[in-house]
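Numbering (the UniProt record's numbering), first residue to last: 1 to 177.
See below for the structure under consideration.
Here it is, written out as C-alpha coordinates:
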(Lines of atoms letter the chains of each structure in order from A and count residues from 1; the text may use other names and numbers.)
(Lines give C-alpha, C1' and ligand atoms only; values in the text may rest on other atoms or scores of the structure.)
Protein backbone atom coordinates (compact mmCIF):
# COMPACT_ATOMS: atom_id res chain seq x y z
CA UNK A 1 0.00 0.00 0.00
CA UNK A 2 1.41 3.36 -1.05
CA UNK A 3 1.45 6.06 1.64
CA UNK A 4 0.11 9.45 0.50
CA UNK A 5 2.73 12.18 0.68
CA UNK A 6 1.80 15.12 2.90
CA UNK A 7 2.39 18.30 0.87
CA UNK A 8 1.38 20.60 3.75
CA UNK A 9 3.85 19.04 6.21
CA UNK A 10 6.63 19.10 3.62
CA UNK A 11 5.96 22.76 2.76
CA UNK A 12 5.81 23.67 6.45
CA UNK A 13 9.12 21.90 7.11
CA UNK A 14 10.79 23.72 4.22
CA UNK A 15 9.32 27.07 5.34
CA UNK A 16 10.63 26.60 8.89
CA UNK A 17 14.13 25.59 7.77
CA UNK A 18 14.63 28.42 5.25
CA UNK A 19 12.96 30.43 7.25
CA UNK A 20 10.07 32.33 5.58
CA UNK A 21 11.38 35.83 6.42
CA UNK A 22 14.55 34.87 4.51
CA UNK A 23 12.65 34.01 1.29
CA UNK A 24 12.90 36.56 -1.54
CA UNK A 25 10.93 34.64 -4.16
CA UNK A 26 10.11 31.11 -5.19
CA UNK A 27 8.91 29.14 -8.17
CA UNK A 28 8.90 25.57 -9.28
CA UNK A 29 9.79 23.48 -12.28
CA UNK A 30 8.61 19.95 -13.00
CA UNK A 31 10.47 18.37 -10.07
CA UNK A 32 11.95 21.14 -7.91
CA UNK A 33 10.79 23.90 -5.60
CA UNK A 34 13.20 26.78 -6.35
CA UNK A 35 13.55 29.25 -3.50
CA UNK A 36 15.68 32.42 -3.64
CA UNK A 37 16.89 33.53 -0.20
CA UNK A 38 18.38 36.74 1.24
CA UNK A 39 20.91 35.16 3.59
CA UNK A 40 22.19 31.63 2.86
CA UNK A 41 23.61 31.41 6.40
CA UNK A 42 20.08 31.19 7.85
CA UNK A 43 19.19 28.09 5.79
CA UNK A 44 19.36 24.70 7.53
CA UNK A 45 20.62 22.64 4.58
CA UNK A 46 20.91 19.33 6.44
CA UNK A 47 17.47 19.80 7.96
CA UNK A 48 15.90 20.27 4.52
CA UNK A 49 17.70 17.20 3.17
CA UNK A 50 16.42 15.16 6.13
CA UNK A 51 12.75 16.10 5.61
CA UNK A 52 10.32 13.38 4.59
CA UNK A 53 9.46 13.46 0.86
CA UNK A 54 12.57 15.54 -0.01
CA UNK A 55 14.65 13.65 -2.57
CA UNK A 56 17.58 16.05 -2.57
CA UNK A 57 18.75 19.65 -2.47
CA UNK A 58 20.73 21.58 -5.07
CA UNK A 59 22.27 24.96 -4.23
CA UNK A 60 23.05 27.53 -6.92
CA UNK A 61 24.23 30.91 -5.57
CA UNK A 62 21.35 32.05 -3.35
CA UNK A 63 18.79 29.73 -4.92
CA UNK A 64 17.92 26.53 -3.13
CA UNK A 65 16.33 23.88 -5.33
CA UNK A 66 14.45 21.36 -3.22
CA UNK A 67 13.97 18.18 -5.28
CA UNK A 68 10.53 16.76 -4.59
CA UNK A 69 9.69 14.78 -7.71
CA UNK A 70 7.19 15.22 -10.53
CA UNK A 71 3.62 16.16 -9.58
CA UNK A 72 4.25 16.39 -5.85
CA UNK A 73 6.21 19.64 -6.28
CA UNK A 74 3.03 21.40 -7.50
CA UNK A 75 1.19 20.52 -4.30
CA UNK A 76 4.11 21.61 -2.10
CA UNK A 77 4.48 24.91 -4.01
CA UNK A 78 0.78 25.68 -3.47
CA UNK A 79 1.09 24.94 0.27
CA UNK A 80 4.37 26.88 0.50
CA UNK A 81 2.67 29.94 -1.03
CA UNK A 82 -0.02 29.79 1.66
CA UNK A 83 2.66 29.79 4.38
CA UNK A 84 4.71 32.71 3.03
CA UNK A 85 3.93 36.30 2.07
CA UNK A 86 6.14 35.98 -0.98
CA UNK A 87 4.71 36.13 -4.48
CA UNK A 88 5.16 32.98 -6.48
CA UNK A 89 7.15 33.36 -9.71
CA UNK A 90 6.20 31.89 -13.05
CA UNK A 91 6.51 28.14 -13.23
CA UNK A 92 9.53 26.87 -15.17
CA UNK A 93 8.51 24.25 -17.68
CA UNK A 94 11.88 22.51 -18.06
CA UNK A 95 12.46 19.24 -16.28
CA UNK A 96 16.04 19.09 -15.01
CA UNK A 97 15.50 15.71 -13.45
CA UNK A 98 13.87 13.99 -16.39
CA UNK A 99 14.74 10.34 -16.25
CA UNK A 100 16.18 10.56 -12.71
CA UNK A 101 13.08 9.04 -11.14
CA UNK A 102 12.12 6.61 -13.90
CA UNK A 103 13.39 3.21 -12.82
CA UNK A 104 12.40 1.59 -16.12
CA UNK A 105 14.41 4.20 -18.03
CA UNK A 106 17.49 3.60 -15.89
CA UNK A 107 17.01 -0.15 -16.18
CA UNK A 108 16.79 0.12 -19.98
CA UNK A 109 19.91 2.31 -20.14
CA UNK A 110 21.90 -0.10 -17.97
CA UNK A 111 20.67 -3.07 -19.98
CA UNK A 112 21.73 -1.40 -23.23
CA UNK A 113 25.13 -0.49 -21.77
CA UNK A 114 25.63 -4.07 -20.53
CA UNK A 115 24.70 -5.43 -23.95
CA UNK A 116 27.17 -3.07 -25.66
CA UNK A 117 29.92 -4.06 -23.24
CA UNK A 118 29.18 -7.75 -23.76
CA UNK A 119 29.19 -7.39 -27.55
CA UNK A 120 32.41 -5.38 -27.42
CA UNK A 121 34.06 -8.06 -25.27
CA UNK A 122 32.83 -10.83 -27.56
CA UNK A 123 34.07 -9.08 -30.68
CA UNK A 124 37.50 -8.49 -29.11
CA UNK A 125 37.66 -12.11 -27.92
CA UNK A 126 36.50 -13.41 -31.29
CA UNK A 127 39.03 -11.18 -33.05
CA UNK A 128 41.77 -12.50 -30.75
CA UNK A 129 40.92 -16.12 -31.59
CA UNK A 130 40.84 -15.29 -35.30
CA UNK A 131 44.22 -13.55 -35.04
CA UNK A 132 45.70 -16.61 -33.29
CA UNK A 133 44.53 -19.01 -36.02
CA UNK A 134 45.64 -16.58 -38.71
CA UNK A 135 49.19 -16.54 -37.29
CA UNK A 136 49.25 -20.33 -37.05
CA UNK A 137 48.11 -20.64 -40.67
CA UNK A 138 50.78 -18.14 -41.78
CA UNK A 139 53.43 -20.33 -40.13
CA UNK A 140 52.29 -23.60 -41.73
CA UNK A 141 51.14 -22.40 -45.16
CA UNK A 142 54.68 -22.41 -46.69
CA UNK A 143 55.11 -26.01 -45.49
CA UNK A 144 52.01 -27.19 -47.33
CA UNK A 145 53.81 -27.12 -50.71
CA UNK A 146 56.62 -29.27 -49.27
CA UNK A 147 54.14 -31.79 -47.85
CA UNK A 148 52.40 -32.03 -51.23
CA UNK A 149 55.73 -32.53 -53.07
CA UNK A 150 56.83 -35.23 -50.59
CA UNK A 151 53.49 -36.99 -50.97
CA UNK A 152 53.73 -36.92 -54.78
CA UNK A 153 57.29 -38.29 -54.71
CA UNK A 154 56.21 -41.08 -52.38
CA UNK A 155 53.30 -41.90 -54.71
CA UNK A 156 55.64 -41.98 -57.75
CA UNK A 157 58.05 -44.23 -55.85
CA UNK A 158 55.23 -46.59 -54.91
CA UNK A 159 54.09 -46.73 -58.55
CA UNK A 160 57.62 -47.56 -59.74
CA UNK A 161 57.94 -50.36 -57.18
CA UNK A 162 54.54 -51.71 -58.17
CA UNK A 163 55.35 -51.65 -61.90
CA UNK A 164 58.92 -53.02 -61.62
CA UNK A 165 58.98 -55.36 -58.64
CA UNK A 166 62.14 -57.21 -59.74
CA UNK A 167 64.37 -54.23 -60.28
CA UNK A 168 67.67 -54.32 -58.41
CA UNK A 169 67.00 -51.04 -56.69
CA UNK A 170 63.80 -52.45 -55.25
CA UNK A 171 65.64 -55.07 -53.22
CA UNK A 172 68.72 -52.98 -52.51
CA UNK A 173 67.62 -49.45 -51.74
CA UNK A 174 71.17 -48.23 -51.04
CA UNK A 175 72.55 -49.55 -54.32
CA UNK A 176 75.29 -51.83 -52.91
CA UNK A 177 74.50 -54.89 -55.03
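Glycine included, C-beta positions come from ideal geometry on N, C-alpha and C.
I want to check one thing, is the minimum distance from the CB of residue 15 to the heavy atoms of the ligand GTP below 6 angstroms?
For the structure depicted, the ligand GTP is absent and the ligand set is empty, with no information on it obtainable.
Where do the ends of the alpha helix (DSSP H) carrying residue 74 lie?
Per DSSP, residue 74 is one residue of the alpha helix (DSSP H) stretching across 72-83.
Could you compute how far the alpha carbon of residue 39 sits from the alpha carbon of residue 116?
One C-alpha to the other measures close to 49 angstroms.
Roughly how many angstroms separate the alpha carbons of residue 121 and residue 158, rounded to a whole number?
Distance between the alpha carbons of residue 121 and residue 158 is about 53 angstroms.
Under a Cβ-count criterion, where at least 16 other Cβ atoms within 10 Å of its own Cβ denotes burial, should residue 150 be classed as buried or exposed?
So residue 150 counts as exposed.
Give me the Cα-Cα distance between residue 29 and residue 109, rounded to the nearest whole angstrom.
A direct Cα-to-Cα measurement between residue 29 and residue 109 gives close to 25 angstroms.
State the Cα-Cα distance for the pair residue 147 and residue 139, rounded to the nearest angstrom.
Each residue's Cα considered, the two are about 14 angstroms apart.
At least 3 beta-carbon pairs within less than 8 angstroms: the stretch 4-11 vs the stretch 76-90:
Verdict: yes, contact present.
From this set, 112, 84, 153, 55, which residue's C-alpha is nearest residue 37's C-alpha?
Out of 112, 84, 153, 55, 84 has the C-alpha closest to the C-alpha of residue 37.
Is residue 17 near residue 47, with beta carbons less than 7 angstroms apart?
Yes; because the gap between Cβ atoms is below 7 angstroms, this pair is in contact.
Looking at residue 65: is its Cβ nearer than 7 angstroms to the Cβ of residue 88?
Contact annotation: residue 65 and residue 88 have beta-carbon atoms that are not nearer than 7 angstroms.
Mapping the DSSP letters down to three states, classify residue 54 as helix, strand or coil.
Note: residue 54 maps to coil in three-state DSSP.
Helix, strand or coil for residue 134 per DSSP?
Looking at residue 134 - three-state DSSP - the assignment turns out to be helix.
Expected contact under 8 angstroms - CB spacing of residue 42 and residue 22 to nearest Å
Correct: roughly 5 angstroms between the Cβ atoms.
Taking the alpha-carbon positions, what's the residue 165 to residue 156 distance?
Here the alpha carbon of residue 165 sits roughly 14 angstroms from the alpha carbon of residue 156.
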